[in-house]
Amino acid sequence: MHGFPRRPNAMSLNKIVADAIEANEAAGVIDRHNAINAAMPQILADEELTEMCVRSHLSKVIASNVKKRRRERGKTTLEQNNLFGLMDAHPIGDSEGFIKRTEALTRAEFREIIRIRQDQVTADLTYLKRLRDAELETRAVWDRHPDWTWGQVEAEYSRQHAKAA
């Protein structure tokens, strides 16, 4: 941040977002459009929050643009410049930091990207296993009530197992 003085009574972005979500959630569905509209006046009233949100969004747009340019260039130059089909650039450091062209990576940076991607894949596979295990464990309930939400299935499963205990 660029040192905007923080007002003592200013709300945090997380609090503003949590309030907007709570006000715009019904039956487990969050209306993001309405939540954004609810949060915007509070964010725009605070210079620091406004700058933080703009910087975060710009960072994502820049990263997206780099990927888009890579795809466009990749169609014509893949065989010439990228023997292994690697992405043209990778974030280096924190998610809001630098984006470095793959061709400019050192071996240590290359290995760090491998480690980060491995951690992401591991976390994704762990969560995928939880989802599959939960569906498998509750299949009898969901087979009887295919239109139920997960919350309803989980509550019924919990009731059934409380009776059995």
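If you read the sequence shown in this note's numbering, its first letter stands for residue 277, the second for the next number, and so on.
Just so you know, even glycine gets a beta-carbon here, dropped at the ideal spot from N, CA and C.
Asked	Found
The beta strand (DSSP E) enclosing A365, as first and last residue numbers	365 to 368
Contacting residues, own chain, Cβ-Cβ under 6 Å from E432 (five flanking each side not counted)	V417
Residue from G369, A380, A339 whose Cα sits closest to the Cα of E514	Past the edges of the chain, shown from 277 to 441, lies residue 514, and the structure says nothing about it.
Residues near V293 by beta carbon distance below 7 Å, same chain, minus five either side	A315
Supposed contact pair L334 and Q326 - C-beta distance, whole angstroms, cut 8 Å	At residue 326 the sequence reads Thr, which differs from the Gln that was named. 12 Å between Cβ atoms; not a contact.
Residue range of the unbroken beta strand (DSSP E) whose run includes F360	First-last for F360: undefined, no H or E at that position.
Element boundaries [alpha helix (DSSP H), containing A288]	Strictly speaking, residue 288 in this sequence is Ser, with Ala absent from that position. Unbroken run through S288: none, as it is neither H nor E.
H437 classed as buried or exposed, judged by whether at least 16 other C-beta atoms fall within 10 angstroms	exposed
Where the alpha helix (DSSP H) containing E388 begins and where it ends	383 to 413
Counted within 10 angstroms of its Cβ, other Cβ atoms place V337 as buried (16 or more) or exposed	exposed
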